């Protein structure tokens with residue numbers, strides 16, 4: 036029987052180096068925006084206990100103080116995006132079972148400190164516990180890459196699974212082309 040897991044990641048690139056206060060504020064704002072955009076903020080029946088909220092909220096997989104359901108695949112995805120950041124400042128947040136909403140991406144680009152955003156909606160067939168750093172599965176083997184402007188990304192009717200969308204401010208993409 037197939038076992039499907041979903042992992043969703045948003046990686047936010049800094050325009051310049053961020054001050055810790057800004058980074059903490061952005062972290063809280065993104066998590067709150069995600070919670071509201073996914074519609075869970077108004078739900079009084081589910082998502083009231085710590086476990087349900089942990090499955091539907093964004094989390095930093097390396098922050099042990101947050102409740103999260105970190106698996107080996109979470110850590111591999113985090114490592115993949117850490118490499119994509121290189122030496123740049125940024126923020127990597129993940130979620131299980133809830134897609135990254137377009138409203139959140141649009142909201143992020145309202146801040147001039149944000150240069151680009153990576154979004155990944157990853158669907159994996161297999162048990163995440165079976166995935167290790169030594170696993171033959173490497174993320175780069177089965178992930179496609181698409182580079183789009185913010186407006187082109189938001190205009191897409193459908194976002195594909197297992198595609199790393201590199202979303203760049205419209206004005207930066209025009210300068211680079």
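Residue numbers (our numbering): 36 to 212. Just so it is clear, CB atoms sit at the ideal spot from N, CA and C, and this is done for glycine as well. Remember, it's a predicted structure, so these values are computed and weren't measured experimentally.
(Q) Check whether the region 186-198 and the region 110-130 are in contact - that is, three or more C-beta pairs closer than 8 Å. (A) no
- [ ] Between the Cα of residue 177 and those of 117, 112 and 123, spot the shortest distance and give me the residue it belongs to.
- [x] 112
Chain-order list of residues whose beta-carbon lies under 8 Å from that of residue 196 (same chain, five-residue window excluded) = 156, 157 and 158
Is any non-hydrogen atom of the ligand FAD found closer than 8 Å to the C-beta of residue 131, if you look at the structure I gave you?
In terms of ligand content, the structure shown is empty, and the ligand FAD therefore cannot be addressed.
Open item on the list: Suppose the cutoff is 6 Å on Cβ atoms and the five residues either side in sequence are ignored; what does the same chain contact list for residue 137 look like?
Closed with: 189
- request: Tell whether a beta-carbon distance below 9 Å holds between residue 201 and residue 153.
  value: yes
As assigned by DSSP and simplified to three states, the class of residue 118 | helix
Could you check the C-alpha separation between residue 116 and residue 179 for me, to the nearest Å? 14 Å
Residues that DSSP places opposite residue 135 in a beta bridge: Its beta-bridge partners do not exist; DSSP assigns none.
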